[in-house]
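Engineer: Following the UniProt record's numbering, the numbering of the sequence shown begins with 1 at its first residue and continues without gaps.
Positions of the beta carbon are idealized from the N, C-alpha and C atoms, including for glycine.
All values derive from a computational prediction rather than experimental measurement.
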Amino acid sequence: MQAVPTDQLRNIVVTGHSGTGKTMLCESLALCMGVINRLGSIEDGTTLSDYASDETERKHSLNTSLIHGVWNEKKINIIDTPGLLDFHGDVKSAMRVADTVLITVNTATGVEVGTDTVWEYTKEYYKPTMFVLTKLDADRADYDATIEALRDHFGNLVTPIQFPVEEGLGHHILIDVLMMKQIEFSPDKPGSMVVSEIHDLYRKRAEELHQQLVEAVAETDEELMNRFFEEGTLTEDELRAGIKSALVTRTFFPVFCTSPLHLIGSERLLSAIVNICPSPIERGPEHAFCSVMNDEKLLPPDPDGSTIAFIFKTMSEPRVGEISYVRVYSGHIESGHELIDVQTGQLEKLGQVYTMLGQKKIPVEKLLAGDIGMVVKLKNSHTNDTLADKGVDCRISPIIFPEPVLSSAIVPVTQGDEEKISAGLHHLHEEDPSFAIEHDVEFNQTILKTLGETHLDIIISRLRNKFNVQVEVAPIRIPYRETIRVSATAQGKFKKQSGGRGQYGDVWVRIEPLERDSGFEFASEVVGGVVPTRYIPAVEKGLRESIAEGSLTGYPVVDLKAVVYDGSYHPVDSSEYAFKIAAHMAFKAAVEKAKPLILEPIYSLTVQTPDQFTGEIVGDISSKRGRILGMDTETRFQVIKALIPQASLSTFHHALTRLTQSRARYNYTFSHYEEAPVEIANQLIAEKAAKQ
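Okay, structure coming up:
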């Protein structure tokens, strides 16, 4: 395949809520471009985009996939993305390298949580954005309500380009107010689009929407505004040029209509992609960080410049190994090209370069600036790495993945599989950086932080299928702590005689409470040599060991000061061991008199939710022993700030998902420790007693 000039490229990412028809839209576009000769089926697992075994099994997109085709002599790279919120790491990585975002919206269900979420990503990346209405042939399709909802959520810059003559069964005619033509499709027949004059029944509405379109486009450009005032309208070419410019500046968001299952609207959408979506050159230079000082620089898409390419997705395939999806931002890449990983300084020699058609790899001579493709078997380079010519120190600004919030502990089903689990998770993390792996040293637990339950299920499934290791989900252990309320003193005396040299150690210890989060302090006030200086470190060691073991529950004791102030010794029988044991005894006796208590970890919680769910969320937080600190309004959302025990966080995720239909988002950070309720303390004490 020949290299495609930069100005002939269009890079599109298809996003949207789960079930809005993203995969079938990509399938219909591929069919219209002649890439395939018939539509695949999600139910049968035969689509171009959803080819992985876990995708065909679950009948949902779980990974980014890339397809391409040619329309009106322009190459269109189309990136299909998952709709499930648990896999929005892939959405963000794909959006990072695309030039235009298509957000699919199901006209039978309207604006959903995924619509809102991907819209926020488009603002973060400042991407040109178009809405594509789908399923206009469904029974409950409601075009007008969907347009109203889009404007309500995203503002009046949302502007229809088309409207359907009819909705539901029988839908096959669109009125295009940019062309001011009627477009008729023969369902299920590619190449059947017929353009004609608008029927009198629909002309008045078309003229009204056309006038709205002209005014909306004219308002985005001073020159067009002057032309509009002079002529009273704009030509179709002026509208196209104005829309393309306004897309780049995010001052215009057009809405197109499709029914992908029956190929209605797909050909017209392809023409719109070619005519109004920006090429990499029109999209403009990319932000990069250059030099040791990390100075930000704008990087033009120059095919003749130094090579700079960005890895936005890493995957592993059987019998192939690791494959890396790349976008070329400057220069070109070709087989045999020697590049440096800017992050690591490692040399990478490229093997064959491909462009992708789902899982099919098509070899290419080279990829020029602006193009997207794939290379295999890079040695040390992974997602978010930049490959560049030797001597070039520019790196593309990285993908910022969604923050994982659901924490789960995993344990091996078979003892001895810990190393296999660690290696498998490390490998999977290279493919999917949106989950985090943590090791809890205190409890020796492996903790996975994921975007949701389905995300966790898929990781566990991939561990089993790819690395032949099985794990189970276990409760996360909570790091409770013990402390004291008042000062207390106690003696610890260890005396043992069993023939020969005995053991003798005698200390008096005073323990004092400290402010919260002060940790542990040790001091000696021994005078007169009643406890020789050489034994003081042994006393401190004994106290520190006692603190780590706890007194009431087995959890460490914190926020106290221990002072050794008196004691005695035997010139023959005393030893470091004896004084360490004596310190243990003194500490245990002192804690019993110091009114000990249990502390639990408390987290700061922030929830962003649509207003209608605020009451239910506040009630749920309160039921989980949380405390509401306050609420703020942020655009269309309420922001709830609260404190909540760590023990309640695992159930909070499930409750929030259920209460808000996944429309709310949250994050949390550790705040402090505070006294646990009596029932929690009694439960922990009983658990320790049962173990003993």
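Quick check: H429 and I437, are their CB atoms within less than 8 Å of each other?
Structural biologist: Yes, they are a contact pair.
Engineer: Could you give the C-beta distance for Q346 and V376, rounded to a whole number, given that I count them as a contact under 8 Å?
Structural biologist: Actually they do not touch by this definition, with Cβ atoms about 17 Å apart.
Engineer: Measure the Cβ-Cβ separation of residue 693 and V248 and say whether it is below 8 Å.
Structural biologist: With the chain represented from 1 up to 692, any question about residue 693 goes unanswered, as that position is not in the structure.
Engineer: What do you reckon, are the CB atoms on L252 and L157 nearer than 8 Å?
Structural biologist: First, the residue type needs correcting, since residue 252 is Phe and not Leu in the sequence shown. Yes.
Engineer: Ends of the alpha helix (DSSP H) at F229?
Structural biologist: Note, F229: alpha helix (DSSP H), E222 to E231.
Engineer: Could you tell me if F229 is buried or exposed, where buried requires 16 or more neighbouring beta carbons within 10 angstroms of its beta carbon?
Structural biologist: It is exposed - the Cβ of F229 has fewer than 16 other Cβ atoms within 10 Å.
Engineer: Starting from E634, trace the beta strand (DSSP E) in both directions and tell me its first and last residue.
Structural biologist: Note, E634: beta strand (DSSP E), R627 to E634.
Engineer: Along the chain, where does the alpha helix (DSSP H) containing C26 start, and where does it finish?
Structural biologist: Residues K22 to C32.
Engineer: In terms of alpha-carbon separation, which member of G69, K59, A94 and K74 lies closest to D432?
Structural biologist: Nearest C-alpha to D432: A94.
Engineer: Compare the C-alpha of P160 against each of P190, H172, A206 and L62 and name the closest.
Structural biologist: The shortest C-alpha separation from P160 is found at A206.
Engineer: Below 8 Å CB to CB, which residues in the same chain sit around A218 once its five sequence neighbours on both sides are set aside?
Structural biologist: Only L224, M225, R227, F228, L234 and G242 meet the Cβ criterion.
Engineer: Under the DSSP definition of a beta bridge, which residues are partnered with V607?
Structural biologist: Note: V607 sits in a beta bridge opposite I640 and Y666.
Engineer: On the DSSP letters alone, give me the boundaries of the beta strand (DSSP E) that A160 sits inside.
Structural biologist: The sequence given here places Pro at residue 160; Ala does not occur at that position. V158 to P160 is the span of the beta strand (DSSP E), which, as asked, contains P160.
Engineer: What distance in whole Å lies between the Cβ atoms of C394 and A288, which are believed to be in contact at a cut-off of 8 Å?
Structural biologist: Their Cβ separation, rounded to whole angstroms, is 4 Å, which keeps A288 and C394 in contact under 8 Å.
Engineer: Less than 8 Å separating the beta-carbons of S61 and T115?
Structural biologist: The answer is no: Cβ separation not under 8 Å.
Engineer: Consult DSSP for I478 and reduce its assignment to one of helix, strand or coil.
Structural biologist: Of the three classes helix, strand and coil, the one that applies to I478 here is coil, per DSSP.
Engineer: When you compare only the Cα positions, how much space is there between L169 and K189?
Structural biologist: Rounded to whole angstroms, L169 to K189 spans 17 Å at the Cα level.
Engineer: So, with DSSP's three-state summary, where would you put V678?
Structural biologist: It is helical.
Engineer: Once DSSP output is grouped into helix, strand and coil, what is the label at A409?
Structural biologist: Reduced to three states, the DSSP call for A409 is strand.
Engineer: Please state the DSSP three-state secondary structure of I399.
Structural biologist: Correct three-state label for I399: coil.
Engineer: Taking buried to mean at least 16 other C-beta atoms within 10 Å of its own C-beta, is R516 buried or exposed?
Structural biologist: Exposed is the call here.
Engineer: Tell me whether I400 is buried or exposed, calling it buried when 16 or more other Cβ atoms sit within 10 Å of its Cβ.
Structural biologist: With fewer than 16 other Cβ atoms within 10 Å, it is exposed.
Engineer: Quick check: what's the CA-CA separation for T633 versus I362?
Structural biologist: Answer to the nearest angstrom: the Cα atoms are 50 Å apart.
Engineer: Let me know the secondary structure DSSP gives H130 once reduced to three states.
Structural biologist: What sits at residue 130 in the sequence shown is Met, not His. DSSP places M130 in strand when its eight states are reduced to three.
Engineer: Please state whether DSSP places V557 in a helix, a strand or coil.
Structural biologist: If DSSP states are grouped into helix, strand and coil, V557 belongs with the strands.
Engineer: Given a cut-off of 8 Å on the beta-carbon distance, is the pair R481 and P556 in contact?
Structural biologist: Yes, Cβ-Cβ distance for R481 and P556 is below 8 Å.
Engineer: Pull the bridge partners of Y673 from the DSSP assignment, please.
Structural biologist: Per DSSP, P601.
Engineer: Could you spell out where the alpha helix (DSSP H) holding K377 opens and where it closes?
Structural biologist: That residue, K377, is in no alpha helix (DSSP H); it is neither H nor E in DSSP.
Engineer: Taking buried to mean at least 16 other C-beta atoms within 10 Å of its own C-beta, is V364 buried or exposed?
Structural biologist: V364 comes out buried.
Engineer: The beta strand (DSSP E) spanning L299 covers which residue range?
Structural biologist: Unbroken beta strand (DSSP E) run through L299: D295 to L299.
Engineer: Cβ of T446 within 8 Å of Cβ of H455?
Structural biologist: Contact: no.
Engineer: Looking at P260 and G19, is the spacing between their C-beta atoms short of 8 Å?
Structural biologist: Taking 8 Å as the Cβ cut-off, G19 and P260 do not qualify as a contacting pair.
Engineer: For G89, report the span of its alpha helix (DSSP H) as first-last.
Structural biologist: Where G89 is concerned, the enclosing alpha helix (DSSP H) stretches over H88 to V97.
Engineer: Mind checking whether P187 and L263 have CB atoms under 8 Å apart?
Structural biologist: Yes.
Engineer: Rounding to the nearest angstrom, what Cα-Cα distance links S604 and A642 in this structure?
Structural biologist: Distance between the alpha carbons of S604 and A642: 6 Å.
Engineer: Name, in chain order, the residues that DSSP records as bridge partners for F289.
Structural biologist: Looking at the DSSP assignment, F289 forms a beta bridge with E296 and R395.
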